Each structure stands twice: as structure tokens, then as C-alpha cells.
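Peer 1: Take this structure, written in C-alpha cells, and hold onto it; I'll ask about it next.
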Amino acid sequence: MSDLASLVVAGVLGVIGVVADGEAGAEIAPQRAQALEHMVRQDCGSCHGLSLSGGLGPDIRGRAIEGLETRALVEVILDGRPGTAMPAWRPLLTEEEALWIVDYLRAAGSE
Ligand code: HEC
């Protein structure tokens with residue numbers, strides 16, 4: 668296997684490992700992380716409040732979601748909550764990015 672091919676395989680395995688593990692920090696390029704943070708504050712914030720402390724949608728900062736499993740939160744973000752205003756974000760986000768957002772939400776409110 669060429670060096671490049673083994674690098675690619677290692678990268679893919681790394682991504683699968685992070686997603687399967689769930690609790691490990693998602694690895695997102697800094698620039699994409701900045702875009703995601705902007706999205707959380709603006710788009711999610713339009714319903715959950717600019718400080719994410721609640722609006723049309725509930726408070727989604729660290730303490731408010733500490734009882735919820737990471738897996739369940741990733742699913743709500745990707746698939747929404749049918750029958751509620753919470754939309755599905757799957758068209759815009761990968762699983763890893765949703766995981767990054769959950770990490771971000773867990774840290775929010777304690778800054
Ligand atoms: C159009 C309004 C709207 C937008 C935009 C929105 N949400 Fe929501 N969200 C809601 C509502 C309403 C609920 C509560 C659903 C329910 O009653 O179970 C919710 C629920 C949630 C929950 C579950 C909270 C809990 O306590 O169960 C999470 C997590 C969440 N949203 C994250 C996000 C994220 C992250 C984004 C942006 C990517 C986002 N939401 C954008 C309206 C919105």
C-alpha cells in the first residue's frame with residue numbers, strides 16, 4: 668500500500684473511531700469549526716436564543732442537556748423532532764459535525 672493510501676485508511680478509521688466512541692472530541696478543521704459555531708449561534712440561536720438559553724426551543728446549554736446521551740443529542744440534531752419545530756439538519760451536517768456541536772453545547776453556559 669502506498670503511503671498516501673495508508674494515510675487515507677488511517678484517516679477514515681480515525682473518523683469511524685470518533686463517531687463510534689461518541690464521547691471523544693470530534694476532529695473538525697478549525698475553519699469549519701468556526702462556521703459551525705457561527706451556525707449554532709445564528710441558526711440554532713434563532714429558536715434556542717442567541718445565548719442558547721431558550722426561546723421557542725428549550726435551553727440547550729451544558730447543564731440543561733447533561734442528562735441526555737450524546738447519541739440521542741446527535742440524533743435530534745441530525746433528524747429533528749418530528750411534530751415539533753425542531754428541524755432536521757442532516758442535509759447540512761455530517762455526523763461528526765453534529766458530534767462537534769454536542770461537544771460545543773456541553774461546554775456552553777459555563778464560559
Ligand atoms: C425552528 C426552530 C428551531 C431551530 C432553528 C433549531 N431548533 Fe432545536 N429545538 C427546537 C424545539 C421547538 C425543540 C423542542 C422539541 C421538543 O418539544 O421536544 C428543540 C430541541 C432541540 C434539542 C433537544 C433538547 C432537549 O432538551 O431535548 C437539541 C439538542 C436541539 N434542539 C439542538 C438544536 C441545534 C444544535 C440547532 C441548530 C443546528 C437547533 N436545535 C435548531 C426548535 C429549533
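Under the working numbering, the first residue of the sequence shown carries the number 668, and numbering increases by one thereafter. For each residue, glycine too, the CB sits at the ideal point set by N, CA and C. Being a predicted model, the structure only gives us computed values, none of them experimental.
Give the secondary structure of Gly-712 by DSSP, where H, G and I count as helix, E and B as strand, and everything else as coil.
Peer 2: Here Gly-712 sits in helix by DSSP.
Peer 1: With Val-769 and Leu-740 assumed to form a contact (beta carbons below 8 Å), what rounded beta-carbon distance in angstroms separates them?
Peer 2: Going by Cβ atoms, the distance from Val-769 to Leu-740 rounds to 5 Å, so yes, they are a contact pair.
Peer 1: On the premise that Leu-745 lies in contact with Leu-760, defined as a C-beta separation below 8 Å, what is that separation, rounded to the nearest angstrom?
Peer 2: Indeed, because the Cβ distance is near 7 Å, the residues count as touching under 8 Å.
Peer 1: Run through DSSP, which three-state label would Asp-746 get?
Peer 2: Asp-746 falls in the helix class under three-state DSSP.
Peer 1: Need the endpoints of the alpha helix (DSSP H) that Pro-697 sits in, please.
Peer 2: Looking at the DSSP string, the run of the alpha helix (DSSP H) that includes Pro-697 is 697–706.
Peer 1: Taking the C-alpha atoms as reference points, what is the distance between Val-743 and Ala-696?
Peer 2: The straight-line gap from Cα to Cα measures roughly 23 Å.
Peer 1: Given a cut-off of 8 Å, decide if Ala-775 and Gly-729 are closer than it, judged by their beta-carbon atoms.
Peer 2: Yes.
Peer 1: Please go through the same chain and pick out, in chain order, the residues whose beta-carbon is closer than 8 Å to the beta-carbon of Glu-704, but skip the five residues on each side of it.
Peer 2: Answer for Glu-704: Tyr-771, listed in chain order.
Peer 1: I'd like the span of the alpha helix (DSSP H) that includes Asp-770, first residue to last.
Peer 2: Run containing Asp-770: 762–774, per the alpha helix (DSSP H) assignment.
Peer 1: Comparing the CB of Arg-748 with every heavy atom of the ligand HEC, is any distance shorter than 7 Å?
Peer 2: Flag set: Cβ of Arg-748 near the ligand HEC.
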